[in-house]
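This report refers to the structure that appears directly beneath it.
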Amino acid sequence: MISKVDRVYLQHILDCVSLIQNYTRNGKAEFIASALVQDAVLRRLQTMAESTQRLSEDLKAKAPGIDWRALAGFRNVLVHDYLGGIDLEQVWNAIEHYLPGLETAMRELMETGGN
């Protein structure tokens, strides 16, 4: 059984994933060309990563396939290196290759409680 607090953060993560998918539905070219889309996506990635940091260690242990440390590191890059320039190719790669697996893992945790 997952805690009420963990459930709130899991839902928040899933909401962020859904919004990012919506913002990027027109593909990489629009993402690269549109500062508005970039800002929206980067903000949601930051918020999502912050939510993953607030999940309990017990819950995180139930999803060993997720690189929790990398998520925290990605969040730190988004927050602290923003003025230094964010690598949009790296962000797109994360959206395309990492976000679907994260979404699946978060849904499984919501549905099964990690059991």
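Under our numbering, think of the first position of the sequence shown as 15, with each following residue one higher. Glycine is no exception: its CB is placed at the ideal position from the N, C-alpha and C atoms.
Own chain partners of residue i with C-beta closer than 7 Å, once the 5 adjacent residues on each side are dropped
{"i": "Lys42", "result": "Trp106"}
Test item: CB-CB of residue i and residue j under 8 Å
{"i": "Arg89", "j": "Glu117", "result": "no"}
{"i": "Trp82", "j": "Lys76", "result": "no"}
{"i": "Met120", "j": "Leu50", "result": "no"}
{"i": "Ile34", "j": "Leu102", "result": "no"}
{"i": "Leu69", "j": "Tyr23", "result": "yes"}
Burial state of residue i, where buried means 16 or more other Cβ atoms lie within 10 Å
{"i": "Thr126", "result": "exposed"}
{"i": "Gln52", "result": "buried"}
{"i": "Lys46", "result": "According to the sequence provided, residue 46 is Ile. The question's Lys does not apply to it. The residue in question, Ile46, is exposed, as its Cβ has fewer than 16 Cβ neighbours within 10 Å."}
{"i": "Val31", "result": "buried"}
Cβ neighbours of residue i in the same chain (closer than 6 Å, five flanking residues each side left out)
{"i": "Gln67", "result": "Ala86"}
{"i": "Arg58", "result": "Cys30, Leu33, Ile34"}
{"i": "Met124", "result": "Leu24"}
Inter-residue Cα distance where the pair is residue i and residue j
{"i": "Ala54", "j": "Glu71", "result": "29 Å"}
{"i": "Gln60", "j": "Leu92", "result": "6 Å"}
{"i": "Ser48", "j": "Tyr37", "result": "11 Å"}
{"i": "Asp20", "j": "Gly79", "result": "18 Å"}
{"i": "Lys18", "j": "Met62", "result": "18 Å"}
{"i": "Arg39", "j": "Ile16", "result": "32 Å"}
{"i": "Ala84", "j": "Gln25", "result": "20 Å"}
{"i": "His1", "j": "Gln104", "result": "Residue 1 is absent from the model: the chain starts at 15 and stops at 129."}
Proximal residues to residue i (C-beta, below 8 Å), its chain only, five neighbours per side dropped
{"i": "Ala108", "result": "Leu59, Phe88"}
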